[in-house]
Amino acid sequence: MKKFGLSKTEKIYLKNDFKLILEQGKKVFKDGVILWFRPNPATGRQSGGELAAQKPKNRIGIIVSRRLGGAVRRNRCKRLLREAFRLNRHLLIDGVDCIFYPKSSQNLGDYYAASAVLLALAGKAKILKNDKGPQ
RNA sequence: UCAUCCGAACGGGAGACCGCCGCCCGCGUUUUUUUGUAUCGCCGGCGGAGGAACUUCCGGACUCCAAGGGCAGGGCGCCGUACGAAAGUACGGGAGACGCGGGCAACACCCCGCGCCGACGGAAAGCGCAACAGAAAACAUACCGCCCGCUUCGGUUUGCUGAAGCGCGGUAAGGGUGAAAUGGCGGGGUAAGAGCCCGCCGCGCGGCCGGCAACGGCCGCGGCAUUGCAAACCCCGCUCGGAGCAAGGCCAAAUAUGCCGAUGCAGGGCCCCUGCGCCAAGGCAGAGUAGGCCGCAGAGAUAAAUGGUCUCCGCCCCGCGCUUACGCAAGGGGAACAGAAUCCGGGGUAUAGUUCGGAUACAAUU
RNA sequence: GCCCCGGUAGCUCAACUGGAAGAGCAGAUCCGUCCUAAGGAUAAGGUUGCAGGUUCGAUUCCUGUCUGGGGCG
């Protein structure tokens, strides 16, 4: 498996999964972005379930409301967040579902800003490997 | 040469690494006795946003609805040519509106020229509206004024004349109001006036001529009625059945309950009507609720891919420094509007920068 | 994506088929009261989302834009 890949199975795209994480996950807010996170269940609705049960993955979902602007701006927020997640995922503990919901695009000007915001959120949520120590 | 505006074209390029979506080929993995199918992963190959993809303002293709007739409702509306499936677009022309100049010393609802606009059938079918102001706003009307007659009072050179009042008196010339006032100008006429009469113009009707046509010109007659608004209703002509890919179709799967049920039920604007029916075709409600495939494409979507980082070159701006100057330049910054979801054809709107053409403009600056 | 509605005073809404935009609440001033409140009086507050057009005249009719809301698996 690629180190920095982000394939279909690593994204949250079912309505039920979103619902579950939004209702049961923990919520952290910083720099205009909300993060819900939740350790993903061993027997989820995930397609290719058995493989995922053997090696838990962190999955990502992004909610972008129309309040952020036109389609171009919304796409950009989404892509930057996804890119930041993809390149920094190895720093997170395994098996966590994350949903990002930017309330404003103020702190998402470019990739570095998005990356910093994401790491700050992860630090506040205590799902970084270094902070957590024993896994 | 600068600036602004309008129109057209383009909408930075090359590479490295990390990634994403779809398809193809192959390999592996899971399931399976095996093969095949399917799931997932991987090597490789190919393809992967725009001129507006925006807007949803029109038109079509396509799909479903019983879609045959009528009603209701919508759209369009000067003429010609070309393109087009249609909407529409382009070019040319004609009424008409507005502005400027002239006829003209001055006026017009008059004429001529130029510019600019030009959603432009019908107001002598109907209905309605026309606020305020004004006497009067669509049948006719008399506020001021003008004129006539009578009465009273006064003046008087005995010819007349002044003032006030009265008249189911005459009058639409003038004043004033208004967006608009019952054709305009000039002359005759009259007590004063009036298309009352005449000339020119306008208007209406008829004929002839020119033009493919819209329309224009000329001649004759009428004798002025006939104000505006249809981008509110309406009438006339032409045209349109309705809904929309979340249209619609197929597959798989699980529980399987209740009610309605004949002069009824359903049919998505309404009606004519059409279909099913006299005890089972159908409909409704509840529980459960959600998937996959087709539609669907040489980009093709389950929460929706087309991205990120860096280097170089090109463009624009600022520039430490060098140079008499043209200019050269380390370094720094900037690059718009905007993201496909069934697909096409138009309209509208947004656009940094570069190039070309045009206008302001044979103007200004040098 | 497709299809529908709406935008009027600070807020919630009116305004008939075109004739110069009103009501309630809130706010201001005054009266009232020992002081508040209730109550009463007075005025103020509007580029009718924006830009064009039709018309003598547009909240109303037409066109284009901006913006808010809703429905459809």
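Residue numbers (our numbering): 216 to 350. C-beta: ideal position from N, C-alpha, C; glycine also.
Among the candidates the options, whose CA atom is the shortest distance from the CA of residue i?
i, options, result
"K341", "K241, N290, K234, F233", "K241"
"A299", "G284, A329, K226", "A329"
"I277", "L237, Q321, K344, L306", "L237"
"Y327", "R297, E225, I227, R281", "R297"
By Cβ distance, which residues of its chain are closer than 7 Å to residue i, with the 5 residues on each side in sequence left out?
i, result
"L336", "V243, K245, V248, L250"
"R289", "V279, L283"
"Q239", "R253"
Looking at the structure shown, is residue i part of a helix, part of a strand, or coil, going by DSSP?
i, result
"K234", "helix"
"L323", "coil"
"Q350", "Caution applies to Q350, whose pLDDT of 30 falls short of 50 and renders its modelled position unreliable; the value that the coordinates give is listed next. It is coil, neither helix nor strand."
"K241", "strand"
"G310", "coil"
"V332", "helix"
Output needed for residue i: all residues of its chain with C-beta closer than 6 Å, excluding positions within five of it in sequence on either side, in chain order.
i, result
"L221", "R301"
Distance check for residue j and residue i, CA to CA, integer angstroms please.
i, j, result
"P254", "V332", "21 Å"
"I275", "G284", "22 Å"
"L306", "G338", "10 Å"
"L295", "L323", "8 Å"
"K344", "I308", "5 Å"
Taking all protein chains shown into account, decide if residue i is buried (16 or more other Cβ within 10 angstroms of its Cβ) or exposed.
i, result
"V287", "exposed"
"N273", "buried"
"G263", "For G263, the predicted model reports a pLDDT of 33, less than 50, meaning its position is unreliable; a value from the coordinates is still stated below. G263 should be labelled exposed."
"R281", "exposed"
Could you pull out every residue in the same chain whose Cβ sits closer than 8 Å to the Cβ of residue i, ignoring the five residues on either side in sequence?
i, result
"I227", "F233, I236, R274, I275, G276, D312, I314"
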